[in-house]
Amino acid sequence: MIEGVKSILIAITKEFGPEESYTALGYGLTLAQAAGAHATVQAASVRLVLPNAFVSKYVGVAVEAENRRLDRFAHEVADEAQRSAAVAGVICSAQAPHLPYSDLLDAFTTQARLQDLTILDAEAEALTLDRGLMQTLLIESGRPVLVVPPDRNTFSARRILLAWDGSAKAARAANDALPLLRSAEEVEVAAVVGEKELRGSVDGSDLAPHLARHGVKVSVNCMAAMDGDVAETLRQRAVQGGADMIVMGGYVHSPLREMVFGGVTHSLLQACPVPLFMSY
Numbered sequence: 001m002i003e004g005v006k007s008i009l010i011a012i013t014k015e016f017g018p019e020e021s022y023t024a025l026g027y028g029l030t031l032a033q034a035a036g037a038h039a040t041v042q043a044a045s046v047r048l049v050l051p052n053a054f055v056s057k058y059v060g061v062a063v064e065a066e067n068r069r070l071d072r073f074a075h076e077v078a079d080e081a082q083r084s085a086a087v088a089g090v091i092c093s094a095q096a097p098h099l100p101y102s103d104l105l106d107a108f109t110t111q112a113r114l115q116d117l118t119i120l121d122a123e124a125e126a127l128t129l130d131r132g133l134m135q136t137l138l139i140e141s142g143r144p145v146l147v148v149p150p151d152r153n154t155f156s157a158r159r160i161l162l163a164w165d166g167s168a169k170a171a172r173a174a175n176d177a178l179p180l181l182r183s184a185e186e187v188e189v190a191a192v193v194g195e196k197e198l199r200g201s202v203d204g205s206d207l208a209p210h211l212a213r214h215g216v217k218v219s220v221n222c223m224a225a226m227d228g229d230v231a232e233t234l235r236q237r238a239v240q241g242g243a244d245m246i247v248m249g250g251y252v253h254s255p256l257r258e259m260v261f262g263g264v265t266h267s268l269l270q271a272c273p274v275p276l277f278m279s280y
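No gaps in the numbering here: position 44 of the sequence shown is 44 in full-length UniProt numbering, and each next residue is one more.
Quick look at the structure:
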């Protein structure tokens with residue numbers, strides 16, 4: 001039993017239709033089952049809004065038809081979530097909000113603030129609703145997010161790789177993930193030197209006693225970045241060590257006032273072999 005996780009938000013978006021795959025639902029429900037947690041599922045779709053009243057009536061009809069189509073698919077996912085939760089013995093509430101893009105992000109963020117953790121699907125493409133949602137939830141919700149790759153339908157966290165660089169964001173991620181870290185059979189603190197030096201004296205060996213006091217079975221591995229690539233080093237280490245999850249602080253930059261993910265965060269979101277737990 002995972003202690004300390006009582007409320008989980010599973011965030012799913014329907015942008016195209018039934019051909020879209022999503023693993024966050026199965027992963028999130030099995031995590032809720034393992035933790036004895038309540039699951040809230042938001043299966044959302046964006047309501048397309050015409051920019052003005054002077055567009056062709058044919059365009060208006062087509063847009064309305066597309067809105068009905070996406071809304072129907074989202075409701076089907078919400079219904080599936082209720083059925084799957086009942087089979088798993090998980091208490092679940094499911095909603096299918098159909099709102100304009102900005103309102104939808106606000107609705108997700110508001111709901112995420114009421115949860116311990118938000119789970120959503122990985123999305124390699126940057127220009128998608130999922131990627132915008134991921135960024136908004138990480139920065140604005142005040143809660144950690146857990147991003148699930150396409151092949152992970154079932155929760156597992158026996159071995160966890162904790163990426164550590166001594167930063168405030170890494171410290172927050174380690175603390176937010178404590179319920180999962182405590183339940184793991186093995187937690188490896190990976191301090192990768194390369195892209196930036198570890199801050200101060202707070203290296204992995206300093207963090208390990210703190211985690212051990214919380215009942216975490218921890219080891220420390222300080223390694224050099226492969227060809228200066230921290231993200232690839234973490235990917236390779238996760239595979240070699242049989243990790244079920246990577247825990248890390250999420251980073252963003254703000255060029256020209258537009259928030260974008262930092263290099264390591266961006267790279268891992270594009271391609272990560274295991275679920276990625278992030279705090280900001």
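Every residue gets a Cβ at the ideal spot worked out from N, C-alpha and C, and that includes glycine.
Exercise. In the DSSP assignment, find the unbroken beta strand (DSSP E) run with alanine 190 in it and report its ends.
Key: As a position in the sequence shown, residue 190 is number 190, starting the count at 1. Unbroken beta strand (DSSP E) run through alanine 190: 186-193.
task = Please report how far the alpha carbon of alanine 243 lies from the alpha carbon of valine 49, in whole angstroms.
result = Reading the sequence shown from its first residue, position 243 is the one you call residue 243. Reading the sequence shown from its first residue, position 49 is the one you call residue 49. The straight-line gap separating the alpha-carbon atoms of alanine 243 and valine 49 is approximately 43 Å.
Taking the alpha-carbon of glutamate 123 as reference, which of Leu146, Asp116, Arg237 has the nearest alpha-carbon?
The count along the sequence shown starts at 1 and reaches residue 123 at position 123. Checked all of Leu146, Asp116, Arg237; the closest Cα to glutamate 123 is Leu146.
If leucine 138 sits next to leucine 181, beta carbons under 8 Å apart, how far is it from one beta carbon to the other, in whole angstroms?
As a working note, residue 138 is residue 138 in the sequence shown. As a working note, residue 181 is residue 181 in the sequence shown. Actually they are not in contact, since the Cβ atoms of leucine 138 and leucine 181 sit about 19 Å apart, beyond 8 Å.
Run of the alpha helix (DSSP H) containing leucine 161, from where it starts to where it stops: For this step, residue 161 is matched to residue 161 along the sequence shown. Here leucine 161 belongs to no alpha helix (DSSP H); instead the beta strand (DSSP E) covers 159-163.
### Query
Considering alanine 39, what are the terminal residues of the beta strand (DSSP E) in which it resides?
Along the sequence shown, one-based indexing puts residue 39 at 39. From DSSP, the beta strand (DSSP E) with alanine 39 extends over 38-46.
task: Look at alanine 32 and alanine 86 and say whether their C-beta atoms are less than 9 Å apart.
output: Counted from its first residue, the sequence shown places residue 32 at position 32. Counted from its first residue, the sequence shown places residue 86 at position 86. Contact flag unset, no.
inquiry  = Could you tell me the alpha carbon to alpha carbon distance between glycine 89 and isoleucine 119, rounded to whole angstroms?
reply    = Here residue 89 refers to the residue found at position 89 of the sequence shown. Here residue 119 refers to the residue found at position 119 of the sequence shown. Going by the C-alpha atoms only, they are around 19 Å apart.
With a cut-off of 8 Å on the beta carbons, I'd call threonine 154 and tyrosine 27 a contact; round off their distance for me. Here residue 154 corresponds to residue number 154 of the sequence shown, with the count starting at 1. Here residue 27 corresponds to residue number 27 of the sequence shown, with the count starting at 1. In this structure threonine 154 is in contact with tyrosine 27, their Cβ atoms being roughly 7 Å apart against a cut-off of 8 Å.
Exercise. For valine 274, count neighbouring C-beta atoms within 10 Å of its own C-beta (all shown protein chains included) and say buried if the count is 16 or more, exposed if not.
Key: On the sequence shown, residue 274 is found 274 positions in, with the first residue counted as 1. Sixteen is the threshold: when 16 or more other Cβ atoms of the shown chains lie within 10 Å of the Cβ of valine 274, as they do, the residue is buried.
* Asked: Would you say glycine 249 and alanine 184 are within 9 Å of each other, going by their C-beta atoms?
  -> Walking along the sequence shown from the start, residue 249 turns up at place 249. Walking along the sequence shown from the start, residue 184 turns up at place 184. Contact: no.
- Please report how far the alpha carbon of alanine 39 lies from the alpha carbon of leucine 276, in whole angstroms. Taking the first residue of the sequence shown as position 1, residue 39 is located at position 39. Taking the first residue of the sequence shown as position 1, residue 276 is located at position 276. Approximately 19 Å, taken between the alpha carbons.
ask   = Does the beta-carbon of arginine 257 have 16 or more other beta-carbons within 10 angstroms, so that it is buried, or is it exposed?
value = Locating residue 257 in the sequence shown gives position 257, counting from the first residue. Residue placement at arginine 257 cannot be trusted, given a pLDDT of 39 that sits under 50; what the coordinates show is reported in the next sentence. The residue in question, arginine 257, is exposed, as its Cβ has fewer than 16 Cβ neighbours within 10 Å.
Give the straight-line distance between the Cα atoms of aspartate 227 and alanine 271, rounded to the nearest whole angstrom.
Stepping through the sequence shown from its first residue, residue 227 is reached at position 227. Stepping through the sequence shown from its first residue, residue 271 is reached at position 271. Rounded to whole angstroms, aspartate 227 to alanine 271 spans 18 Å at the Cα level.
*In terms of residue numbering, what span does the beta strand (DSSP E) encompassing lysine 14 cover?*
Here residue 14 is taken as the residue at index 14 of the sequence shown, counted from 1. Bounds of the beta strand (DSSP E) holding lysine 14 are 7-14.
Coarse secondary structure for alanine 271, derived from DSSP in three states
Here residue 271 refers to the residue found at position 271 when the sequence shown is read from its first residue. Looking at alanine 271 - three-state DSSP - the assignment turns out to be coil, as it is neither helix nor strand.
- Message: Let me check understanding here. Comparing Cα to Cα, which of Trp164, Val148, Glu186, Asn175 lies closest to arginine 158?
- Response: One-based indexing of the sequence shown puts residue 158 at position 158. Checked all of Trp164, Val148, Glu186, Asn175; the closest Cα to arginine 158 is Glu186.
Report task. Note down, in chain order, each residue of its chain lying with its Cβ closer than 7 Å to the Cβ of alanine 112, except the 5 sequence neighbours on either side. Result -> Taking the first residue of the sequence shown as 1, we reach residue 112 at position 112. Correct list, in chain order: Leu9, Thr118, Leu137, Ser141, Arg143.
Just to confirm, is the Cβ distance from aspartate 121 to isoleucine 12 under 9 Å? Position 121 of the sequence shown holds residue 121. Position 12 of the sequence shown holds residue 12. Cβ distance < 9 Å, so aspartate 121 and isoleucine 12 count as in contact.
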